[in-house]
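For the sequence shown, counting from 1, position 260 maps to 260 in the UniProt record's numbering; every step adds exactly one.
Where is the CB? At the ideal position from N, CA and C, for every residue including glycine.
One structure is given below, encoded as structure tokens.
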Amino acid sequence: MFDLLGLSAQHESVYRAMLQRPDLNIAGLSAHLGVEPGEVHAALDVLADLALIRLDPEGDHARPVRPQAGLTALLTKVEAEVAVRQKHVEATKAAIAAIAAAHDDYHQGAEGRVLEGIDSVRDRLAELAHTARAECLSFNTGGAQSPDTLEAEAPLDQQALQRGVQIRNVYQDSFRNDPGTLAHARWLAGLGGQSRTTPTLPMRLVIVDRGIALVPIDPTNPRRGALELHSHGIVAGLIALFEQVWQTATPFDGQVTADAQGLTRQERELLRLLAAGHTDESAARKLAISLRSVQRMMTSLTERLGAASRFQAGVQAASHGWV
């Protein structure tokens with residue numbers, strides 16, 4: 001309990017025993033606590049250094065200092081040290097902010113800047129996680145996130161949530177099949193974060209404090225980097241897009257159910273993609289699922305429509321109002 005004051009559990013037990021039984025000498029304390037006399041000697045040396053006891057120079061007794069005086073004096077000293085350290089922390093934080101501001105002024109224009117490569121994007125996201133004050137919104141596209149990515153994000157998310165930052169993430173429905181992403185979403189929910197899913201997303205997106213947005217340079221290749229946007233009009237439009245998707249997305253703790261026509265959102269989106277001219281391969285990429293999953297889903301839809309071919313299934317899907 002008092003490790004902050006420099007006391008171990010054993011030091012504390014010796015001090016408490018001396019307060020309760022001031023009549024005991026070293027041998028008595030050793031027997032009372034069930035420890036070796038040498039351990040009592042070592043504890044007394046520490047307690048004397050911390051001015052919690054006064055040793056008898058002519059005997060083997062020591063007198064404990066009242067806790068209201070001894071422990072309070074130690075705590076006052078620690079509080080003073082913490083205050084000095086906090087001043088140093090604030091000064092260091094101000095210096096970092098000044099360097100960061102000078103760097104940003106040099107490397108970016110008024111409307112934003114280019115973050116070249118995936119490492120630059122990750123570094124910038126870490127910075128934003130530390131500086132976010134109110135809100136962080138994101139679209140997470142593609143396949144399931146790697147365990148390393150989730151592990152790296154967890155402490156940043158936790159620190160932000162503990163500061164009162166609201167976090168809302170939208171994933172694709174395919175993420176529901178990934179145990180790691182599900183576990184991360186549940187962990188995040190336990191801290192106050194929110195996650196939802198939808199069949200497809202237009203692109204990767206991060207919006208911080210409604211003033212900064214990150215979008216990919218090339219939506220088909222996120223490793224190329226991102227555009228960091230500051231323009232109020234552009235960011236406002238991206239916020240509106242996020243809110244529209246968020247309203248129709250399903251919470252992670254909810255079930256993805258079929259609609260009145262027996263279609264899941266993913267099935268309906270697959271039909272829409274194929275009707276728009278996408279191949280099975282490109283539809284799979286859009287839905288972030290495997291080609292085999294697309295083909296299996298399409299086979300099921302064809303059978304439910306009673307169609308003899310995929311062309312006939314498309315015609316009947318249109319006539320049923322499925323697309």
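Using 10 angstroms around the beta-carbon of Ala132, count the other beta-carbons present and answer buried if the total reaches 16, otherwise exposed. In the sequence shown, residue 132 corresponds to position 132, counting from 1. By the 10 Å Cβ count, Ala132 comes out buried.
Since Gln316 and Leu305 should fall inside the 8 Å C-beta cutoff, what is the C-beta to C-beta distance between them, to a whole number of angstroms? The residue given as residue 316 occupies position 316 in the sequence shown. The residue given as residue 305 occupies position 305 in the sequence shown. Their Cβ separation, rounded to whole angstroms, is 5 Å, which keeps Gln316 and Leu305 in contact under 8 Å.
Please report the straight-line C-alpha distance between Tyr106 and Glu228, rounded to a whole angstrom. The residue you call residue 106 lines up with position 106 of the sequence shown. The residue you call residue 228 lines up with position 228 of the sequence shown. Residue placement at Tyr106 is flagged as unreliable, the pLDDT there being 44, under the threshold of 50; a coordinate-derived value is accordingly withheld.
Could you check what DSSP says for Gly321 in three-state terms: helix, strand or coil? Numbered from 1 along the sequence shown, position 321 holds the residue referred to as residue 321. Three-state result, Gly321: coil.
Using CA coordinates, which residue listed in Ala236, Ile207, Thr197 is at the minimum distance from Arg265? As a working mapping, residue 265 is identified with position 265 in the sequence shown. Ranking Ala236, Ile207, Thr197 by Cα distance to Arg265 puts Thr197 first.
Which one of Leu50, Leu33, Lys286 has the shortest CA to CA distance from Val14? For the purposes of this step, residue 14 is taken as residue 14 along the sequence shown, with counting starting at 1. That would be Leu33, whose Cα lies nearest to the Cα of Val14.
Does the Cβ of Lys286 have 16 or more other Cβ atoms within 10 Å, making it buried, or fewer, making it exposed? As a working mapping, residue 286 is identified with position 286 in the sequence shown. That one is buried.
Would you say the segment 32 to 46 touches the segment 74 to 83, given that touching needs at least three Cβ pairs under 8 Å? Taking 8 Å as the limit for Cβ pairs, the verdict is that the segment 74 to 83 does not touch the segment 32 to 46.
Starting from Pro216, trace the beta strand (DSSP E) in both directions and tell me its first and last residue. Position 216 of the sequence shown, counting from 1, holds the residue named residue 216. Unbroken beta strand (DSSP E) run through Pro216: 212 to 216.
Closest by C-alpha distance to Ala62, when choosing among Gln68, Thr72, Ala73, Val46: In the sequence shown, residue 62 corresponds to position 62, counting from 1. Comparing Cα-Cα distances from Ala62 to each of Gln68, Thr72, Ala73, Val46, the minimum goes to Val46.
Under a three-way DSSP split, which group does Thr248 fall into? Against the sequence shown, residue 248 aligns to sequence position 248. Helix.
Helix, strand or coil at Glu36 according to DSSP, with G and I counted as helix: Taking the sequence shown and counting its residues from 1, the one referred to as residue 36 is at position 36. The three-state secondary structure of Glu36, taken from DSSP, is coil.
Are the segment 171 to 191 and the segment 203 to 211 touching, with three or more C-beta to C-beta distances below 8 Å? As far as the Cβ criterion goes, the segment 171 to 191 does not touch the segment 203 to 211, which means the pair count is below three.
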